[in-house]
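Numbering (my numbering), first residue to last: 253 to 520.
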């Protein structure tokens, strides 16, 4: 089919273009390359399409869950920037090959070392509660696979994330760099103490459950800033807490949802 198309094009050009050999060669080159371009584009779209469809389905499930928990959340919908971030970030890149088939199911998945990648609904809710803006700097305690950091990076200017498990931290750093998240910095260490060199932060995300709100994080939260943190033990009911620091430095807290997170670890 490609040969017959090129032949017809040559005949057409020779009958209407005189003295235009350079133009004919350009047109021939275009039609010779055109099938290749179509082939490559079609292949790329074919590879991306299933994940795009699955991400959209995941977002619809998140929206349905938000509706069913609207009284606890105090809202009927999440911010459009959060939902758009959930649509953009390729969750399948943040799990192992064996878990990729489940990547867009609305549930947590194991990532090794006794850790998990959080349920998409919880990721979206926690991000929405922080109310992050494009000029904000965010601290994250517990990088894990890097998925939550990527979602935050879609909404904020800079994200500083600390992971206590070295292998997870190093892998997450490489993954985020490969995926183009240049506004995320990952460090291996104990996130309980924050990242003082880059404080104060407009928002702080804690992705592991502790018995209390870490004082160093309260200190590093900017006045007017927000922190989201699960509070409670491994075998107790945990509550997702919204912590707000007023402009005069006072702390206000609100219980949002019952949750289940891996415990916060470290020497504190």
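Backbone N, C-alpha and C define an ideal beta-carbon position, used for all residues, glycine too. Just so it is clear, the structure is predicted and the values come from calculations on it, not from any experiment.
Report task. Can you give me the Cβ contacts of residue 343 inside the same chain, cut-off strictly under 8 Å, excluding the 5 residues immediately before and after it? Result -> Taking the first residue of the chain shown as 1, we reach residue 343 at position 91. Within the same chain, residue 343 has close Cβ partners 307, 310, 355, 356, 369, 372, 399.
Query raised in the report: Where does the unbroken beta strand (DSSP E) through residue 476 begin, and where does it stop?
Result: Sequence index remark: in the chain shown, residue 476 carries index 224 (1-based). Note, residue 476: beta strand (DSSP E), 473-483.
Query raised in the report: Quick one: what does DSSP say residue 360 is sitting in, helix, strand or coil?
Result: Working through the chain shown from its first residue, we reach residue 360 at position 108. DSSP places residue 360 in coil when its eight states are reduced to three.
Report task. Give a yes or no on contact between the segment 455-465 and the segment 483-497, applying the rule of three or more CB pairs nearer than 8 Å. Result -> yes
Query raised in the report: Which of helix, strand or coil does DSSP assign to residue 391?
Result: Taking the chain shown and counting its residues from 1, one reaches residue 391 at position 139. DSSP places residue 391 in strand when its eight states are reduced to three.
Query raised in the report: What's the gap between the Cα of residue 316 and the Cα of residue 480?
Result: The count along the chain shown starts at 1 and reaches residue 316 at position 64. The count along the chain shown starts at 1 and reaches residue 480 at position 228. Between residue 316 and residue 480, the C-alpha separation is close to 22 Å.
Query raised in the report: Do you know whose CA, among 364, 455, 406, 495, lies nearest residue 350's CA?
Result: For this step, residue 350 is matched to residue 98 along the chain shown. When only C-alpha atoms are compared, the closest one is 364.
Requested in this report: Report the residue from 388, 410, 492 whose alpha carbon sits nearest the alpha carbon of residue 476.
Outcome: Taking the chain shown and counting its residues from 1, the one referred to as residue 476 is at position 224. The shortest C-alpha separation from residue 476 is found at 388.
**Report entry** Residue from 443, 432, 375, 390 whose Cα sits closest to the Cα of residue 512
**Finding:** What you label residue 512 is simply residue 260 of the chain shown in a count that begins at 1. Nearest C-alpha to residue 512: 375.
Query raised in the report: Taking the Cβ atom as the reference point for each residue, do residue 564 and residue 414 lie within a distance shorter than 9 Å?
Result: The question about residue 564 has no answer here: the residues shown for the chain are numbered 253 through 520.
**Report entry** Residue(s) in a DSSP beta bridge with residue 492
**Finding:** Here residue 492 corresponds to residue number 240 of the chain shown, with the count starting at 1. Per DSSP, 482, 509.
Query raised in the report: Per DSSP, which one or two residues make a beta bridge with residue 439?
Result: Numbered from 1 along the chain shown, position 187 holds the residue referred to as residue 439. Residue 439 pairs with 414.
Query raised in the report: From residue 325 to residue 505, what does the alpha carbon distance come to, in whole angstroms?
Result: As a first step, residue 325 is located in the chain shown; it is residue number 73 there, counting from the start. As a first step, residue 505 is located in the chain shown; it is residue number 253 there, counting from the start. Distance between the alpha carbons of residue 325 and residue 505: 14 Å.
Query raised in the report: Got a sec: is the Cβ-Cβ distance from residue 513 to anything in chain C below 9 Å?
Result: Protein chains in the displayed structure number just one, and chain C is not present.
Query raised in the report: Given that a residue counts as buried once 16 or more other Cβ atoms are within 10 Å of its Cβ, and exposed if not, what is residue 421?
Result: Taking the chain shown and counting its residues from 1, one reaches residue 421 at position 169. It is buried - the Cβ of residue 421 has at least 16 other Cβ atoms within 10 Å.
Query raised in the report: Do residue 391 and residue 465 come within 9 Å of each other at the CB atom, strictly closer than that value?
Result: In the chain shown, counting from the first residue as 1, residue 465 sits at position 213. In the chain shown, counting from the first residue as 1, residue 391 sits at position 139. Not closer than 9 Å, so no.
Query raised in the report: Helix or strand or just coil, what does DSSP make of residue 273?
Result: The residue given as residue 273 occupies position 21 in the chain shown. For residue 273, the pLDDT reaches just 45, beneath the cut-off of 50, and the residue's location in the model is therefore unreliable, leaving the point undetermined.
**Report entry** Per DSSP, the bridge partner or partners of residue 367
**Finding:** Counted from its first residue, the chain shown places residue 367 at position 115. Paired residues: 364.
Report task. Might you give, ordered along the chain, the residues of its own chain that have their beta carbon closer than 6 Å to the beta carbon of residue 405, omitting 5 neighbours on each side? Result -> Along the chain shown, read from residue 1 onward, the residue named residue 405 stands at position 153. Around residue 405: 411, 433, 435, 436.
Query raised in the report: Using the C-alpha atoms, what's the distance from residue 495 back to residue 418?
Result: Residue numbering aside, residue 418 sits at position 166 when the chain shown is read from its first letter. Residue numbering aside, residue 495 sits at position 243 when the chain shown is read from its first letter. Between the C-alpha atoms of residue 418 and residue 495 there is a straight-line separation of about 28 Å.
Query - Beta carbon of residue 488 nearer than 9 Å to that of residue 508 - result: Against the chain shown, residue 488 aligns to sequence position 236. Against the chain shown, residue 508 aligns to sequence position 256. It is not a contact, given that the beta carbons lie outside the stated cut-off.
Report task. Please report how far the alpha carbon of residue 470 lies from the alpha carbon of residue 313, in whole angstroms. Result -> Here residue 470 is taken as the residue at index 218 of the chain shown, counted from 1. Here residue 313 is taken as the residue at index 61 of the chain shown, counted from 1. Approximately 33 Å between the Cα atoms of the pair.
Query raised in the report: Does the Cβ-Cβ distance between residue 379 and residue 318 come in under 9 Å?
Result: Taking the first residue of the chain shown as position 1, residue 379 is located at position 127. Taking the first residue of the chain shown as position 1, residue 318 is located at position 66. Contact: no.
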